[in-house]
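The next block holds one structure in the form of structure tokens; read it before the comments.
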Amino acid sequence: MVNLSEQEAPVFGGVSLSADLVGVVMKALKSDYAQMEVAARLNFKEKYFPVFEMGYGSCDYEGAESGNTFKTQAPYFRIGMDYNFTKKWWKGNRLYAGVRYAFSSYQYDISSPRFSDPVWETECPFVYKDLKGTSHWGEVVFGIETRIWKFFHLGWNVRYKFLFSEKGSSIGNPWYIPGFGKFGTSGLGGTFNIIFDI
Amino acid sequence: MGIINQIKYLLICILTVTIISCDSNDCPLNNVVYSTYGFYVNTADGEAKVSVMDTLTVVAAGTDSILINRMYEMSSIELPVSYTSGTDTLVFRFTNKNKETFEDSVFIDKENIPHYESPDCPTAMFHYITGIRTTHTLIENAIVVHPNINYNATENFKIYFYSLH
Numbered sequence: 185m186v187n188l189s190e191q192e193a194p195v196f197g198g199v200s201l202s203a204d205l206v207g208v209v210m211k212a213l214k215s216d217y218a219q220m221e222v223a224a225r226l227n228f229k230e231k232y233f234p235v236f237e238m239g240y241g242s243c244d245y246e247g248a249e250s251g252n253t254f255k256t257q258a259p260y261f262r263i264g265m266d267y268n269f270t271k272k273w274w275k276g277n278r279l280y281a282g283v284r285y286a287f288s289s290y291q292y293d294i295s296s297p298r299f300s301d302p303v304w305e306t307e308c309p310f311v312y313k314d315l316k317g318t319s320h321w322g323e324v325v326f327g328i329e330t331r332i333w334k335f336f337h338l339g340w341n342v343r344y345k346f347l348f349s350e351k352g353s354s355i356g357n358p359w360y361i362p363g364f365g366k367f368g369t370s371g372l373g374g375t376f377n378i379i380f381d382i
Numbered sequence: 005m006g007i008i009n010q011i012k013y014l015l016i017c018i019l020t021v022t023i024i025s026c027d028s029n030d031c032p033l034n035n036v037v038y039s040t041y042g043f044y045v046n047t048a049d050g051e052a053k054v055s056v057m058d059t060l061t062v063v064a065a066g067t068d069s070i071l072i073n074r075m076y077e078m079s080s081i082e083l084p085v086s087y088t089s090g091t092d093t094l095v096f097r098f099t100n101k102n103k104e105t106f107e108d109s110v111f112i113d114k115e116n117i118p119h120y121e122s123p124d125c126p127t128a129m130f131h132y133i134t135g136i137r138t139t140h141t142l143i144e145n146a147i148v149v150h151p152n153i154n155y156n157a158t159e160n161f162k163i164y165f166y167s168l169h
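If you're matching them up, the sequences are chains L and Y in order. So the first sequence is residues 185 to 382, counted in the numbering used here. So the second sequence is residues 5 to 169, counted in the numbering used here.
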């Protein structure tokens with residue numbers, strides 16, 4: 185019988201596919217925004233995990249007091265790599281950190297139903313559709329995962345996101361950026377993943 | 005690491021993210037933007053800021069709105085800007101101590117730029133000034149200093165009066 189602990193990890197350990205459950209839950213709970221996400225990951229020597237993630241973010245939000253609305257839905261993409269810190273690779277548990285570069289190009293609609301000039305008393309329609317936006321951002325990822333059964337893993341990670349650049353309409357910035365979250369120079373996020381080795 | 009421990013870590017993580025992500029709306033305190041007019045006279049050395057000693061009333065032509073009502077000894081004023089018109093016509097009415105009234109009309113040519121801060125904040129209308137014209141009863145000249153009218157309050161116009169008044 186081969187003792188795995190005495191073996192070096194294989195140079196190429198395979199491919200795994202994963203899906204995020206946080207977005208599914210947010211969607212089911214009719215959150216203000218949600219993003220459905222899947223990922224493909226390579227495994228080199230149980231240490232280096234190049235990863236490609238893609239998802240679809242959507243938002244349909246109305247301000248409770250203002251009545252203003254914001255709506256968008258668009259895909260987003262991330263590419264990066266994780267590094268596994270655990271030494272006992274054969275146990276299938278991983279403690280990792282990683283980085284991502286992410287990108288999304290999207291269109292968004294904004295409107296305000298009550299927008300009138302208080303002095304000149306003119307009504308000003310405020311409905312703008314298909315405003316174009318493009319965002320680039322980076323993410324620092326920290327996470328853990330554990331093998332549940334043979335090729336089946338569960339894991340979660342938290343992500344610190346920071347915006348590299350954002351190009352929106354001169355009328356107003358997007359309230360939500362697909363894949364990034366609520367507009368801002370930085371933000372936090374996370375995923376809870378089901379992972380299958382293939 | 006067992007699944008129970010992992011669930012514990014997950015719950016801690018969710019709690020942390022929830023606490024950190026509690027935020028507030030940073031809406032501007034005032035969603036109405038104002039244009040700022042400074043009052044000047046031309047001097048031998050250039051220009052000097054002056055206070056209008058007459059009583060000043062400003063009305064928006066074509067409306068019943070009185071924007072400034074009988075103010076005096078002011079060296080600058082703030083006035084609202086229309087949301088939709090390409091040109092605002094303002095009537096500056098000066099009344100001196102002898103109850104004599106003089107009027108000048110000020111025409112502001114502009115582009116109106118809708119501004120959307122967020123769904124939770126009021127919308128606003130910003131403006132880009134393309135020109136200013138006046139009649140010349142008391143006003144000698146007027147120029148645009150800063151053409152952008154937005155939340156950043158700054159002097160947008162200089163109104164030059166004839167120095168005799």
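Each residue gets a CB set at the ideal place from its N, CA and C atoms; glycine is no exception.
Among the CB atoms of chain Y, none fall inside 9 Å of the CB of A203/L. Among the residues of the region 223–246 of chain L, those with a Cβ less than 7 Å away from any Cβ of chain Y are Y245 and E246, in the order of the chain. Contact check for G363/L against S288/L passes: the beta carbons are separated by less than 9 Å.
Excluding sequence positions up to five before and after D216/L, its CB lies within less than 6 Å of the CB of Y245, all in the same chain and listed in chain order. Close CB contacts of I136/Y within its chain, under the 8 Å cut and outside five residues either way in sequence, are with V110, F111, I112, D113, A146, I147, V148 and F161 (chain order).
Going by C-alpha positions, A52/Y is about 15 Å away from E77/Y.
Looking at the DSSP output, M57/Y shares a beta bridge with no other residue. With a threshold of 16 other beta carbon atoms within 10 Å, M129/Y meets it and is buried. With the criterion set as a beta carbon lying under 9 Å from some beta carbon of chain Y, the members of the region 336–348 of chain L are L338, G339, W340, N341 and V342, in sequence order.
Less than 9 Å divides the Cβ of H119/Y from the Cβ of G356/L. Following the DSSP letters along the chain, one finds K313/L inside the beta strand (DSSP E) bounded by residues F310 to W333.
For V95/Y, the secondary structure class from DSSP, reduced to helix, strand or coil, is strand.
Contact of T88/Y with chain L is assigned, a C-beta pair being separated by under 9 Å. Remark: C-beta atoms of L205/L and I378/L approach each other more closely than 9 Å. Where V206/L is concerned, the enclosing alpha helix (DSSP H) starts and stops at L205 to A212.
Residue contact with chain Y for I382/L: absent (no Cβ-Cβ distance below 9 Å to any residue of chain Y). For the 9 Å CB-CB criterion, N277/L and K231/L do not form a contact. For Q219/L, the pairing in a beta bridge is given by DSSP as G241/L.
Looking at the DSSP output, P234/L shares a beta bridge with M265/L.
Using a Cβ-Cβ cut-off of 9 Å, G42/Y does not count as an interface residue toward chain L, since no Cβ of chain L sits closer than that to its own.
It is roughly 54 Å from the alpha-carbon of M75/Y to the alpha-carbon of Y344/L. Beta-bridge annotation (DSSP): L372/L is paired with Y344/L. Residues are counted here when their Cβ sits less than 7 Å from a Cβ of chain Y; for the region 275–299 of chain L these are N277, I294, S296 and F299, given in chain order.
Taking a C-beta distance under 9 Å as the contact criterion, T99/Y and F310/L do not qualify as a contact pair. Around the beta carbon of A218/L, a 10 Å sphere encloses 16 or more other beta carbons of the protein chains shown; the residue is thus reported as buried. Leaving aside the five residues that flank E307/L on each side, the residues in its chain whose CB is nearer than 6 Å to its CB run, in chain order, S300. Distance check between M265/L and each of G282/L, T256/L, F228/L and D293/L places G282/L closest, using alpha-carbon atoms only. With its beta carbon less than 9 Å from one in chain Y, I355/L belongs to the interface.
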